[in-house]
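If you're matching positions, the sequence shown starts at 1 in full-length UniProt numbering and goes up one per residue.
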Amino acid sequence: MLRPVITIDGPSASGKGTVAALVARELGFHYLDSGALYRLAALYALREGVSWEDENQVARLAAQLPAAFTDDKVWLDGHDVSAAIRAEDIGMGASRIAALPSVRAALLERQRAYQQTPGLVADGRDMGSVVFPRAELKVFLTASAEERAARRYKQLIAKGESANLPQIQQDICDRDARDAARSVAPLRQEPDARLLDTSALTIDQAVKQVLQWFRER
Ligand code: DC
1 MLRPVITIDG PSASGKGTVA ALVARELGFH YLDSGALYRL AALYALREGV
51 SWEDENQVAR LAAQLPAAFT DDKVWLDGHD VSAAIRAEDI GMGASRIAAL
101 PSVRAALLER QRAYQQTPGL VADGRDMGSV VFPRAELKVF LTASAEERAA
151 RRYKQLIAKG ESANLPQIQQ DICDRDARDA ARSVAPLRQE PDARLLDTSA
201 LTIDQAVKQV LQWFRER
């Protein structure tokens, strides 16, 4: 229990990133946004002119990702890419390269290195199943596709971007299907993970629930 780990896995736009970051802040733990690493690798490949289908080359780039995380920014090769990695096409690219076994292997140790005192909250798809299988608390955080699409839609509108709700919902369903169907580390609820459906919960309620489960162990 020197370096306890809480894993929060779930589908895209479920709010797991927000919840995980707040739980980490509340406990004073480190926070790993593993999706950002896949997004960074996809963006890096794009910028280096490497196709997302080219497993060996993408894995080579992922293994030497010149990335850094500061308080609220993400850097690639010295450039602030915080907004760029959140673009919809980079999310799709991340989902594509995440299906390549050598890319996942290239990022494995980098993710495990985040397990440091006083503890870690890690969010992603395979945090509880592959990266931290012995985590103290595993949560599978989800919400209905309709609710997730509505949340993403509101975020985009708030950022002043144009958004099409049916298209967003379709993209979310396509990404879920690809993340769940891949042969390596597919998205699914592990038998030892607790289910947290946030469709009808506020962020605050979701955070409280995770903290309560962690304290109850
Ligand atoms: O959580 P996110 O939307 O930022 O993740 C982007 C993509 O990366 C997502 O489609 C699936 C992939 N991913 C993954 O396969 N494993 C993880 N641990 C995190 C993300």
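Glycine included, every Cβ here is placed at the ideal spot set by N, Cα and C.
It should be emphasised that the depicted structure is a prediction, and the values quoted were computed from it without experimental measurement.
Own chain partners of residue i with C-beta closer than 7 Å, once the 5 adjacent residues on each side are dropped
{"i": "A36", "result": "V74 and I85"}
{"i": "P118", "result": "G28 and F29"}
{"i": "V130", "result": "A185"}
{"i": "Y114", "result": "H30, L32, L120 and A122"}
beta-carbon residue i near ligand 1 non-hydrogen atom, thresh 7 Å
{"i": "Y153", "result": "no"}
{"i": "S199", "result": "no"}
{"i": "S129", "result": "no"}
{"i": "S34", "result": "yes"}
{"i": "A94", "result": "yes"}
Inter-residue spacing [alpha-carbon to alpha-carbon] between residue i and residue j
{"i": "L100", "j": "E88", "result": "20 Å"}
{"i": "V121", "j": "L65", "result": "22 Å"}
{"i": "N56", "j": "F132", "result": "25 Å"}
{"i": "Q48", "j": "Q205", "result": "The residue asked about is misnamed: residue 48 is Glu in this sequence, not Gln. Their backbone Cα atoms lie some 42 Å apart in a straight line."}
{"i": "G160", "j": "L76", "result": "25 Å"}
{"i": "L107", "j": "D179", "result": "17 Å"}
{"i": "S12", "j": "D176", "result": "7 Å"}
Cut-off 8 Å between Cβ atoms - residues of its own chain near residue i, not counting five sequence neighbours on either side
{"i": "E136", "result": "M1, P4, V5, I6, F214 and R217"}
Buried or exposed by the 16-neighbour rule on C-beta atoms within 10 Å, applied to residue i
{"i": "L196", "result": "buried"}
{"i": "G128", "result": "buried"}
{"i": "S183", "result": "exposed"}
{"i": "T202", "result": "exposed"}
{"i": "R96", "result": "buried"}
{"i": "I157", "result": "exposed"}
{"i": "D9", "result": "buried"}
Own chain, CB closer than 6 Å to residue i, minus 5 neighbours either side, in chain order
{"i": "C173", "result": "A145"}
{"i": "R39", "result": "I85, I90 and A94"}
{"i": "D126", "result": "A185"}
{"i": "L22", "result": "V207"}
Three-state secondary structure assigned by DSSP to residue i
{"i": "A185", "result": "coil"}
{"i": "T18", "result": "helix"}
{"i": "G160", "result": "coil"}
{"i": "G128", "result": "helix"}
{"i": "L196", "result": "strand"}
{"i": "F140", "result": "strand"}
{"i": "A94", "result": "helix"}
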